[in-house]
Amino acid sequence: MEKFSATLKPSIMYHITPVRNVSSIKEEGLAAGKHQNTQGVQLQRKIYLTNSLKDLPNLFPHKDGWQHEDLAVFAVETKKYKDMIEIDPEYVGKFYGKCWMCSESISASDISCLGAANINKRDQDMYDVSIDPDSHRLDEVIRKRGNQWVVLTHDESRVLGTHDTEEKAQEQLRAIEASKARRGS
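Residue numbers for the sequence shown follow the numbering used here, beginning at 174 and rising by one.
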């Protein structure tokens, strides 16, 4: 299998994932490792990357259900991982760039969320990809549950706070946004 070499080395690659994963990726990075398939066989989980934004849609069609989810794009700084990245032979010569696999986890400090992906199918194997860095699909939300106001992650999978008034929930959102601004995210 072709390894990641100095002559092929893009310093930035891209990863696409459902929006529901954005918070954990920002905190923990991209995780590789072992997992069991439905037959109980241990498999190596790899992180899929591409050096071309046009190829992002080709990284996810095999993932069941992703076609119906909002997606986000991450830029990945690859310098530290060059010995762990190899070309995925399944994709060689099929697309604009190359699809790569990384066998090790990638630190949160080496990635940045570019925004929500807008993917439009042009024809059978061609897609138009644009990135919306200001997408509200990546923001936290407030929902009223009973007589409480609840602050949730963008995908509503985690409760970030519960408040007696909407004003208090809004205060928490402002504090979250201020914290993001200080961190530069």
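Every residue, glycine too, gets a C-beta built ideally from N, C-alpha and C.
Cutting at 6 Å between CB atoms, please list the residues of its own chain near SER285, excluding the five before and the five after it.
One-based indexing of the sequence shown puts residue 285 at position 112. Result list for SER285: ALA248, in chain order.
DSSP on SER197, reduced to helix/strand/coil?
Translated into the one-based positions of the sequence shown, residue 197 becomes position 24. Note: SER197 maps to helix in three-state DSSP.
Are LEU229 and ALA290 close, meaning C-beta to C-beta below 9 Å?
Walking along the sequence shown from the start, residue 229 turns up at place 56. Walking along the sequence shown from the start, residue 290 turns up at place 117. Yes. Within cutoff.
Which residue or residues does DSSP assign as beta-bridge partners of ASP305?
Reading the sequence shown from its first residue, position 132 is the one you call residue 305. Paired residues: ALA289.
Which stretch, first to last residue, makes up the beta strand (DSSP E) that contains GLU250?
Here residue 250 is taken as the residue at index 77 of the sequence shown, counted from 1. Counting along the chain, the beta strand (DSSP E) containing GLU250 begins and ends at 244-250.
Thinking C-beta only, is LEU346 closer than 9 Å to ILE315?
Numbered from 1 along the sequence shown, position 142 holds the residue referred to as residue 315. Numbered from 1 along the sequence shown, position 173 holds the residue referred to as residue 346. Closer than 9 Å, so yes.
Closer than 9 Å, CB to CB, is GLU313 near chain B or not?
Considering every chain present, this structure includes no chain B. It has just one protein chain.
For the beta strand (DSSP E) containing GLY334, name the first residue and the last one.
The residue labelled residue 334 in the question sits at position 161 within the sequence shown. Unbroken beta strand (DSSP E) run through GLY334: 332-336.
Just checking my contact of TYR187 with LEU226 at CB under 8 Å: how many whole Å lie between their CB atoms?
Taking the first residue of the sequence shown as position 1, residue 187 is located at position 14. Taking the first residue of the sequence shown as position 1, residue 226 is located at position 53. Contact holds; Cβ gap of about 6 Å.
Can you list, in chain order, the residues of its chain with a C-beta nearer than 8 Å to that of GLY130? Leave out the 5 residues immediately preceding and following it.
Because the chain in this structure spans residues 174 to 358, residue 130 falls outside the shown range and cannot be described.
Cβ shell of ASP261 (< 6 Å), same chain only, five flanking positions each side left out
Along the sequence shown, read from residue 1 onward, the residue named residue 261 stands at position 88. Counting only Cβ-Cβ distances below 6 Å, and skipping sequence neighbours, we find CYS272, MET274.
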